[in-house]
Amino acid sequence: MTESQRVAQTIQEAKYNRRQALRTTRAGSKSLNLDKAAGIALRRQRLLPKVLLAAAGLFVLLLLFPPFIVPADGPVTSAFFFRFAPDKTVPQAEFHDAIDIGIPAGTRVKPTTIGRVVEAGYNNSAGYYARIKHPGGFSSYYAHLSKLQVSTGDLILLPFFSSVGLSGNTGRSTGPHLHFSIYAGNIPLPPQSLLLFHRLRLHILRF
Ligand SMILES: [Zn+2]
């Protein structure tokens with residue numbers, strides 16, 4: 110073997126060794142990544158039952174202690190939506206930012222959650238009405254009552270055992286019902302969705 114042949118052979122060997130070394134490293138890092146992925150998948154698998162359990166717990170908690178309670182149980186006779194006023198005094202569709210609950214006059218009306226009465230009085234369109242401010246910027250409004258049982262400034266701590274007043278047919282109203290709204294600041298919210306958990310409780314647990 111000549112000197113140049115030996116040099117060429119050494120170069121070949123060096124190249125071969127380098128390729129082998131690279132291959133080993135790549136395979137190593139690949140299996141390392143696989144280990145990592147398997148670890149993440151396993152952790153996810155262990156996390157899933159915990160997440161489901163937490164969700165079920167939250168559901169039961171909201172069912173037992175709904176954040177907003179139904180002020181009076183009865184059918185919704187007018188929904189939260191655009192409508193023609195039933196007494197035909199308003200010719201075009203207006204936005205009804207409340208639900209009307211059909212209940213006999215004299216039914217107890219509960220405040221929907223804890224808060225402070227900021228308005229309680231009478232006017233020609235709402236009849237006897239009350240407005241309550243709640244924590245978190247929420248407020249609620251009750252109209253067409255036959256009798257008020259709160260005054261401005263009253264604090265409500267046990268809504269389920271309190272009474273805003275008795276339902277009725279006062280003001281611009283065509284029959285006994287409760288006109289009920291919930292606001293977040295100045296924005297009216299659909300009361301039906303906020304009362305969902307208490308509606309479920311009324312259906313399942315009857316209180
Ligand atoms: Zn109404």
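Those letters in the sequence shown? Residues 110 to 316, per the working numbering, in order. Even for Gly, the Cβ is constructed at its ideal location relative to N, Cα and C. These numbers come from a predicted model, not from an experiment.
Examine ligand 1 and report whether any of its heavy atoms sits within less than 7 Å of the Cβ of D209.
yes
Could you pull the start and end residues of the alpha helix (DSSP H) that I212 belongs to?
Looking at the DSSP string, I212 is not in any alpha helix (DSSP H), and its letter there is neither H nor E.
In the DSSP assignment, the alpha helix (DSSP H) including P300 goes from what residue to what residue?
300-303
I need the boundaries of the beta strand (DSSP E) containing S249, first residue and last residue.
247-257
When the Cα of P180 is compared with those of V273, L314, A293, which residue comes out closest?
V273
Whole-angstrom Cβ separation of T216 and S282, contact assumed at under 8 Å?
Not a contact, Cβ separation roughly 14 Å.
Where in the segment 119-183 do unbroken runs of the beta strand (DSSP E), each at least 3 residues long, occur, reported from the N-terminal end onward?
none
Using only the heavy atoms of ligand 1, determine whether one of them is closer than 7 Å to the beta carbon of S187.
yes
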